[in-house]
Amino acid sequence: MKAVAVIPKKENSVHLVEMDKPDPAEFKDGRGVLVEVLRVGACGTDREINNAEYGVAPKGFDFLVLGHENFGRVVETGKNVKELKKGDFVVATVRRPRGSSIYDKIGTQDFTTDDKYYERGISRLHGFMAEFYVESADFLIKIPPALAEIAVLLEPLSIIEKGLKQASDIQERLKIWRPKTAAVLGTGNVGLLTVMALRMRGYEVHGFGRNPRTGYLNAELCEAIGATYDSTEDVSVKDSTKKYGEYDLVFECTGFSPIIFDAMQSLNENGILILSSVTGGDRKTDAVPSDKINQMFVLGNRAMVGTVNANREHFEMGVKDFALCEAMYPGWLVRMMTHKVEGLENFAEVFDILEHSSKYNAIKAYFEVKKF
Ligand SMILES: [Zn+2]
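Using my numbering, the first residue of the sequence shown is number 14, and each one after it goes up by one.
Structure follows, in structure tokens:
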């Protein structure tokens, strides 16, 4: 079968490889499932791995098959798989509990304290940019057929769902927390999915991006789901509170770390800031009003939390939000899926879109590996 791989740590090494079709019997406990890949999303993580910023090949291989945002159909199941059958649509989670931390041992590998991650398509495990994969049924999420068209967006949504779950868990300290307003910093595909998840929870949502409003599809999508859009060129997040009031919740997903200090100053009393950008650079910022921020956090019982990866429950939360969104705003999610590329052999096109996403006006680029 065909797959798209990189040589980890070698810049722009993305290429096509030919591999054996995997066998579900690899799972000795009878829990193996053979899945034919239908669609695979591509994102900044794939671009950064191809730019040799990170990525680790599995043991015994000099290449790593890319792809973590996946959607497929069950072809064959092991004898101890009762919850899935041939023809079911599935999305696989990404991180596996292969580390030695206690969090891996209790099945919450998204909280691992290990330095070595086992993540499909990213670190030490092959990904989903292939015609087939095998996986234990334990890591497969069943997708209702009515959501098949947009299910490739579930993996990125799972990251947001985990962030929102962290926030609600932390806010249980308050006994009563009835948040009404939220700001979402960044309106790329992750930001837009965050806007959606918060709108599904009934928040008044304010999205912020760098681009001007006029002619910007991402801004249009914010407004189409009942949120606002402001360009940070016109108004800073902190100053936006003069217009919208202070926020109960702020979700940061811009990739531009200096903005977090602005975000910290735009929270309400008891408010919470969720950080989800992976900022691998060495950017520094000065002129941070540290006394003021510290005092706001202390006197206002404010909170800030970082979040990464996601577990099964967060994927399941995402399926429910997708169903609600399709019921409330039919056709909204599919508008995010701007760039479909047919066939794994056309990987160069996908990586060109990732490298020049603003030129393409791309929100989400993805492979259609097989029509369904
Ligand atoms: Zn991704």
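A virtual CB, placed ideally from N, CA and C, is assigned to each residue, including glycine.
Check: DSSP beta-bridge partners for residue 32?
Finding: Its beta-bridge partners do not exist; DSSP assigns none.
Checklist line | Span separating the alpha-carbon of residue 183 from that of residue 359 | finding: 44 Å
Margin query: Can you determine whether any heavy atom of ligand 1 sits closer than 7 Å to the C-beta of residue 56, and answer yes or no?
Written below: yes
Next item on the list: Compare the C-alpha of residue 47 against each of 79, 238 and 148 and name the closest.
Entry: 148
Notebook entry, point to check: Quick one: any contact between the region 236-244 and the region 260-268, if contact means 3 or more CB pairs under 8 Å?
Noted result: no
Checklist line | residue 200 - DSSP class collapsed to helix/strand/coil | finding: coil
Note to self: Following a CB-centred definition, is residue 139 positioned closer than 7 Å to any heavy atom of ligand 1?
What the structure shows: no
Note to self: Given a cut-off of 8 Å on the beta-carbon distance, is the pair residue 392 and residue 112 in contact?
What the structure shows: The structure shown does not extend to residue 392, since the chain spans only 14 to 385, so no value can be given for it.
Note to self: Three or more C-beta pairs under 8 Å: does that hold for the region 196-203 against the region 334-346?
What the structure shows: no
Next item on the list: Locate the alpha helix (DSSP H) running through residue 250, then write down its first and last residues.
Entry: 250-257
Margin query: Are there any heavy atoms of ligand 1 lying less than 7 Å away from the beta-carbon of residue 362, as far as the coordinates show?
Written below: no
Next item on the list: Could you spell out where the beta strand (DSSP E) holding residue 247 opens and where it closes?
Entry: No beta strand (DSSP E) holds residue 247; DSSP gives it neither H nor E.
Next item on the list: Take residue 33 and list the residues in its own chain whose beta-carbon comes closer than 8 Å to its own, dropping the five residues that flank it on each side.
Entry: 14
Checklist line | Opposing strand residues paired with residue 83 [DSSP bridges] | finding: 53
Note to self: To test your reading of the DSSP string, which unbroken alpha helix (DSSP H) runs of 4 or more residues are found completely within the region 304-367?
What the structure shows: 325-341
Notebook entry, point to check: How many Å lie between residue 6 and residue 36 at the Cα?
Noted result: Outside the shown range of the chain (14 to 385) lies residue 6, about which nothing can therefore be said.
Next item on the list: Quick one: residues in its chain with C-beta nearer than 6 Å to the C-beta of residue 114, no 5 flanking neighbours on either side, listed in chain order?
Entry: 125, 126 and 127
Margin query: Quick check on the DSSP output: the alpha helix (DSSP H) that includes residue 123 runs from which residue to which?
Written below: Premise fails: residue 123 is in no alpha helix (DSSP H) and is neither H nor E.
Margin query: So residue 103 and residue 87 are supposed to be a Cβ contact under 8 Å. How far apart are they, rounded?
Written below: 6 Å
Checklist line | Host alpha helix (DSSP H) of residue 373 (start-end) | finding: 370-373
Margin query: Since residue 83 and residue 19 should fall inside the 8 Å C-beta cutoff, what is the C-beta to C-beta distance between them, to a whole number of angstroms?
Written below: Incorrect: roughly 17 Å between the Cβ atoms, too far for contact.
Check: Can residue 174 and residue 330 be called in contact, C-beta distance under 8 Å?
Finding: yes
Item checked: 8 Å Cβ cutoff met for residue 206 and residue 166 -> yes
Checklist line | Helix, strand or coil at residue 227 according to DSSP, with G and I counted as helix | finding: coil
Margin query: What residue range does the alpha helix (DSSP H) around residue 275 cover?
Written below: 272-277
Notebook entry, point to check: At what residues does the beta strand (DSSP E) containing residue 155 begin and finish?
Noted result: 153-156
Margin query: Quick check on DSSP: helix, strand or coil for residue 292?
Written below: coil
Item checked: Touch test, the region 91-100 against the region 36-45, Cβ-Cβ under 8 Å, three pairs minimum -> yes
Margin query: Strictly by DSSP, which residues pair up with residue 220?
Written below: 197 and 242
Notebook entry, point to check: Can you name the start and end residues of the alpha helix (DSSP H) that residue 149 belongs to?
Noted result: Unbroken run through residue 149 is the beta strand (DSSP E), 145-149; no alpha helix (DSSP H).
Margin query: Three Cβ pairs or more, each shorter than 8 Å: is that satisfied between the region 219-227 and the region 243-256?
Written below: yes
Item checked: Alpha carbon of residue 208 to alpha carbon of residue 29, nearest angstrom -> 36 Å
Check: Taking DSSP as the reference, what is the three-state secondary structure of residue 70?
Finding: coil
Notebook entry, point to check: Per DSSP, which one or two residues make a beta bridge with residue 15?
Noted result: 31
Note to self: Does residue 173 come out as helix, strand or coil in the three-state DSSP assignment?
What the structure shows: helix
Note to self: Do residue 154 and residue 332 count as a contact pair if the criterion is CB distance below 8 Å?
What the structure shows: yes
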